[in-house]
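Read through the structure below, which is laid out as structure tokens, and then see the notes.
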Amino acid sequence: MSYPVFFQPADAWVGDLIPFQKDGEFWLFYLHEVRADPKPGTSWNLVTTKDLTQFQDHGVALPHGTADDLDFNCYTGSIVADESGVHHLFYTGQNPANLGPGGLPLQLVMHATSTDGMATWTKHPELTFGAPDGYDSADWRDPFVFRDEAAGVWRMLLAGRHSTGPERRRGVIAQCISPDLMAWSHTDPFWDPRRYITHECPDVFEWGGWWYMVYSEFSETFTTRYRMAASPDGPWTVPALDSIDGRAFYAAKTAERDGRRFFFGWIASKEGNSDDGAWQWAGTMAVLEARQNADGTLAFGFADELVDSFWDDVPLDLGSGLPLRLDVPDSYSAAIAANAVPTQFYARAVLDIRPGTTECGLLLRSTPDGDHSYVLRLEPQRGRLVFDRWPRAITGDAQWHVSGDVPFAIELERPCDLSPGSHTLEVVVDGDLCVAVVDGQVALSTRIYDLPTGAIGVFAGEGTVTVTEFDVRKRTDN
């Protein structure tokens, strides 16, 4: 049997991840989201992986408190090891019954330690602290702790909000410092752009002479972004392509191994398991590997381990061999494989795009005529990859009752460089999950529910595209 590409526990969903690398193995703590009414408390669960393709579920790692405890919900945080080898876990404690001055549940920084290599944790409720004056007590979460060697202190970053100002412009990455990980004092904000509602799941790391700040914002868009600086004190600059993925991949946090940096997040599910359903909080875990470009900006794509786990070729009958030229200066053409592809596969197409081409890309789970399918569409003149599907939402019985005024899934647009020449489009599909990567630089994740099976194909519209390479692989012979 094949095994899943993306991890999800059998009884729940994956919320925010807290990745930690130990002895070459990734320990992926995550918020265990159970969709029940009434909602139970939220624990930290643990899954580990050595190869990013097979995962071992260890169940609850940090249990949530009782209905009377401050940490009925154990929300996002971070883990560090001190110089003696003791692991310190910082997390957000929240109880819906524990209200602050504004009538909303308090969010508190809480602390636990482990002296047995993270096998068990001891909570220290006496070390709990909340937001200081000037900050909203209901937004004081996601503590991220890192060592500032130059200053000789530990720094804690928090997703906070100023208590005054425009409602959606109060977001701030607040900051506390400590000499010993035990006593914390509030200091100047780490980043204060007055830009969003808040900046969730902050993460900071140094790589190749650059410092990177990662955060997830949910004002204009639900997106994980990054900024760059020469030092952890900024100033932070905005790279041209500043997002990690699109709407569906959220709350990504990072871990390093052997000089490589990985972003662990979750692909959101949708209500009703439907393409037209609303996005939900939490979903299925996914990982992207970041690669550092010459100018310090980050590229995002599949880890080699993931690609290499697909080893069996899937035959493709496109009606002609490669190279396959689609020359349609004022029309449209598609080549659809005669055979359906498995529900789990990896595909890679190399497309030589000529100047002036309007669109090209891949059709997924397509009907033989290519009219009904999911579409990964490269639009060179707009410099973007978009995710689309046909049929789109139908609003009535008449011919015009189709969502033709929605040119693609609005939340699923990714800017990318599509200058004339050769471009590589990769995609991993596993059941209702789909992740695409352009040129090893730009990633786009989504859900695909409504079309469960079909063929794969390539297409071009208003231009000339030559498919020079096209292969599909699966993981097993079954």
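When the letters of the sequence shown are read in order and numbered with our numbering, they come out as residues 208 to 685. Glycine residues also receive a C-beta, built at the ideal position from the N, C-alpha and C atoms.
Local Cβ density within 10 Å of residue i, reported as buried at 16 or more and exposed below that
| i | result |
| --- | --- |
| L259 | buried |
| A217 | exposed |
| D452 | buried |
| A605 | exposed |
| H607 | Sequence inspection shows Trp at residue 607; the His mentioned does not correspond to that position. Counting Cβ neighbours within 10 Å, W607 comes out exposed, since fewer than 16 surround it. |
| D612 | exposed |
| E240 | buried |
| M389 | exposed |
| E374 | exposed |
| W518 | exposed |
| P226 | buried |
| Q261 | exposed |
| E424 | buried |
| R434 | buried |
| N302 | buried |
| R242 | exposed |
| E676 | exposed |
| I601 | exposed |
| S516 | buried |
| T461 | buried |
| T327 | exposed |
Close-in-space but distant-in-sequence residues of the same chain around residue i (CB under 7 Å, 5 per side omitted)
| i | result |
| --- | --- |
| Q588 | T565 |
| D349 | T283, G284, T299, L365, A366, E407, C408 and P409 |
| G479 | none |
| I543 | L570, S573, P575, G577, A662 and G664 |
| T394 | Q382, C383 and I384 |
| G341 | H369 and S370 |
DSSP bridge partner residues for residue i (one or two, in chain order)
| i | result |
| --- | --- |
| Q228 | F233 |
| K330 | A319 |
| V679 | A554 |
| H239 | V221 |
| T255 | W234 and Q263 |
| N280 | T249 and Q301 |
| R532 | T673 |
| R464 | R467 |
| T653 | C641 |
| P549 | P549 pairs with nothing; no bridge assigned. |
| G603 | According to DSSP, G603 bridges with nothing at all. |
| T491 | I474 |
Length of the line joining the Cα atoms of residue i and residue j
| i | j | result |
| --- | --- | --- |
| R368 | A357 | 28 Å |
| V421 | A545 | 44 Å |
| P439 | D278 | 31 Å |
| L533 | L592 | 19 Å |
| Y237 | T683 | 29 Å |
| C504 | D482 | For clarity, residue 504 is Thr in the given sequence; the question names Cys instead. Approximately 33 Å between the Cα atoms of the pair. |
| R584 | G490 | 25 Å |
| V267 | L306 | 27 Å |
| M317 | F297 | 6 Å |
| G628 | D595 | 24 Å |
| W597 | D657 | 10 Å |
| F429 | A455 | 8 Å |
| Q228 | V609 | 48 Å |
| L651 | Y457 | 11 Å |
| N280 | G603 | 44 Å |
| A616 | T660 | 20 Å |
| P400 | G528 | 54 Å |
| A304 | G372 | 27 Å |
| H265 | F233 | 13 Å |
| G324 | A338 | 30 Å |
| Y403 | S392 | 25 Å |
| H295 | D289 | 7 Å |
| T273 | P247 | 10 Å |
| D230 | S250 | 25 Å |
| E586 | L334 | 53 Å |
| N500 | A437 | 15 Å |
| H331 | S321 | 11 Å |
| R621 | F507 | 12 Å |
| I474 | E669 | 33 Å |
| P446 | E463 | 21 Å |
| G292 | I286 | 12 Å |
Cutoff 6 Å; reference residue i; Cβ partners in own chain excluding five residues on either side
| i | result |
| --- | --- |
| V510 | In the sequence as presented, Val is not what sits at residue 510; that position holds Ala. Around A510: L259 and E496. |
| L311 | A345 |
| E633 | R555 and V644 |
| Q263 | T255 |
| S450 | T430 and R432 |
| D639 | R654, I655 and Y656 |
Close-in-space but distant-in-sequence residues of the same chain around residue i (CB under 8 Å, 5 per side omitted)
| i | result |
| --- | --- |
| L619 | G453, R454, A455, V593, F594, L651 and T653 |
| M363 | F297, V316, P350, F351, V352, Q382, C383, I384, S385 and W391 |
Next item on the list: Tell me the start and end of each unbroken beta strand (DSSP E) in the region 399-444 that is at least 3 residues and wholly inside, in chain order.
Entry: If we require 3 residues or more, the beta strand (DSSP E) runs fully inside the region 399-444 come out as 406-414, 417-425 and 429-436.
Item checked: 3 or more residues per run - each beta strand (DSSP E) lying fully within the region 358-382 -> 360-369
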